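In the numbering used here, the protein residues as written are 1493 to 1772.
Glycine is no exception: its CB is placed at the ideal position from the N, C-alpha and C atoms.
Just so it is clear, the structure is predicted and the values come from calculations on it, not from any experiment.
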Amino acid sequence: MRWFATGRRHPVNPPSGPPPERDAELVEVEQDIADAQQELAALKDERTELLAERRRLQQVLAERAGRRTMPRSRVEKTTGVPSLVAGVRLFQRIHRRAPEPSAGIDGVGKEFSDPELVARFARSHGVPSEVASASASEVRTVVVHAFHGTVGLVEIRQDGLSRHLDGSQQDVGDIRAAASYGVDIPVSAAIEDICGWSATLSRHIPRPYVQVLWHEGTDGPVLTCIDVDPDRVPVLTPEWDLRLGQLFDSAHARMLLQPYRVGALDNRIPGGTFLPEETS
């Protein structure tokens, strides 16, 4: 049996002492990955629930209108989560179904495309600023994002950079991933007047969101234009998209207050529900 004994391998004794510690950075990365996977799974579940709710709303609205299903665009804004981008794009689709899309269903787009009409409108509301297009020498532009009388965001553009202020003219930092932030861009000494005039002008425009553009002239701020149907809508951080989305929804409600008081919104069936075919 010697051959058996010599060919046998004896077990090696395991090393004594505690096992070696894992690298702390690796442990942190693994935890981050696990957290991200968990968050992604939760978002997928939420998306599934929202899609199911949207389909349910399509069926409910369709039954009220005597249809088999309601178009997706009619219910996609009913998730209950305010969003600036979603609100603006929805209104654009509504206005661009008008016979003259650039004018919109209210005709406002045509009015504010004429500089002379813009100047007359500004003077009629006590805005003393000159109205003129910015020249190539005007390197700094101020864009006021106004919501029917409320300033939500001020964007100052210069040399391809942007700086952002809130409605109180306080710097809010880098809130746009797609724009290069310019913390050193100077703020106009007339910024308070610019915001006040923009709020006044937007309050008298039947749109929940407008962009009022200014540049600095030799004698003070000059009104460049009032964009009532802006193509360039800033993509903000989720927090700011929600914040401005809430201002958008509030402005829309306030915009409808006057026609409601005079009975212009009385196209309702018993029980107070609007007929879908009357609200397109």
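Where Leu1518 falls: helix, strand or coil (DSSP)
helix
May I ask which residues mark the beginning and end of the alpha helix (DSSP H) holding Thr1633? Premise fails: Thr1633 lies in the beta strand (DSSP E), 1632-1638, not in any alpha helix (DSSP H).
Alpha carbon to alpha carbon, how far is Ala1671 from Thr1716?
-> 22 Å
Q) Gly1709 by DSSP, collapsed to three states: which one? A) strand
inquiry  = In the DSSP assignment, the beta strand (DSSP E) including Ser1654 goes from what residue to what residue?
reply    = 1653-1658
Taking the C-alpha atoms as reference points, what is the distance between Gly1579 and Asp1527?
32 Å
task: Can you have a look at Glu1647 and say buried or exposed, based on whether 16 or more other CB atoms are within 10 angstroms of its CB?
output: buried
If Gly1641 and Ser1694 are in contact, beta carbons under 8 Å, what's the gap, nearest whole angstrom? 6 Å
Report all residues from its chain with a CB closer than 6 Å to the CB of Val1631; omit the five preceding and five following residues, and keep chain order. Gln1650
Margin query: Helix, strand or coil for Glu1809? Go by DSSP, reduced to three states.
Written below: The displayed coordinates of the chain run from 1493 to 1772. Any statement about residue 1809 would go beyond what the structure contains.
Point to revise | Separation of Val1521 from Arg1746, as counted between CA atoms | key: 49 Å
*Status (buried if at least 16 other CB within 10 Å, exposed otherwise) for Val1552*: exposed
When the Cα atoms are used, what is the spatial distance from Thr1633 to Pro1678? 11 Å
Q) Thr1484 by DSSP, collapsed to three states: which one? A) There is no way to answer for residue 1484, as the model of the chain reaches only from 1493 to 1772.
Does the beta-carbon of Leu1576 have 16 or more other beta-carbons within 10 angstroms, so that it is buried, or is it exposed? buried
Worksheet entry | From Val1727, Val1720, Gly1659, residue whose alpha carbon lies closest to that of Leu1739 | Gly1659
Measure the Cβ-Cβ separation of Trp1706 and Ile1686 and say whether it is below 7 Å.
yes
Sort Phe1604, Thr1540, Pro1713 by Cα distance to His1696 and report the nearest one.
-> Phe1604
Start and end residues, alpha helix (DSSP H) containing Thr1729
That residue, Thr1729, is in no alpha helix (DSSP H); it is neither H nor E in DSSP.
**Classification of Arg1615 by the beta-carbon crowding that lies within 10 angstroms, buried from 16 upward** = exposed
Straight-line Cα distance separating His1744 from Lys1700 | Inspection of the sequence shows that residue 1700 is occupied by Pro rather than by Lys. Answer to the nearest angstrom: the Cα atoms are 5 Å apart.
Handout entry: Three-state class that DSSP yields for Glu1592 in the structure shown
Key = coil
Point to revise | Host alpha helix (DSSP H) of Asp1685 (start-end) | key: 1683-1695
Checklist entry - Of the residues Ala1626, His1587, Ala1691, which one's Cα is nearest the Cα of Val1619? => result Ala1691
Do the CB positions of Arg1668 and Leu1734 come within less than 7 Å of each other?
no
message = In whole angstroms, give me the CA-to-CA distance for Val1643 and Glu1517.
response = 45 Å
**Closest by C-alpha distance to Arg1724, when choosing among Ser1742, Gly1737, Gln1703** = Gln1703
For chain B, is any of its Cβ atoms less than 7 Å away from the one on Ser1605? Although the question refers to chain B, the structure presented lacks it and comprises just one protein chain.
Quick one: what's got a C-beta closer than 6 Å to Val1664's C-beta in the same chain, skipping five residues either side?
-> His1656, Asp1658
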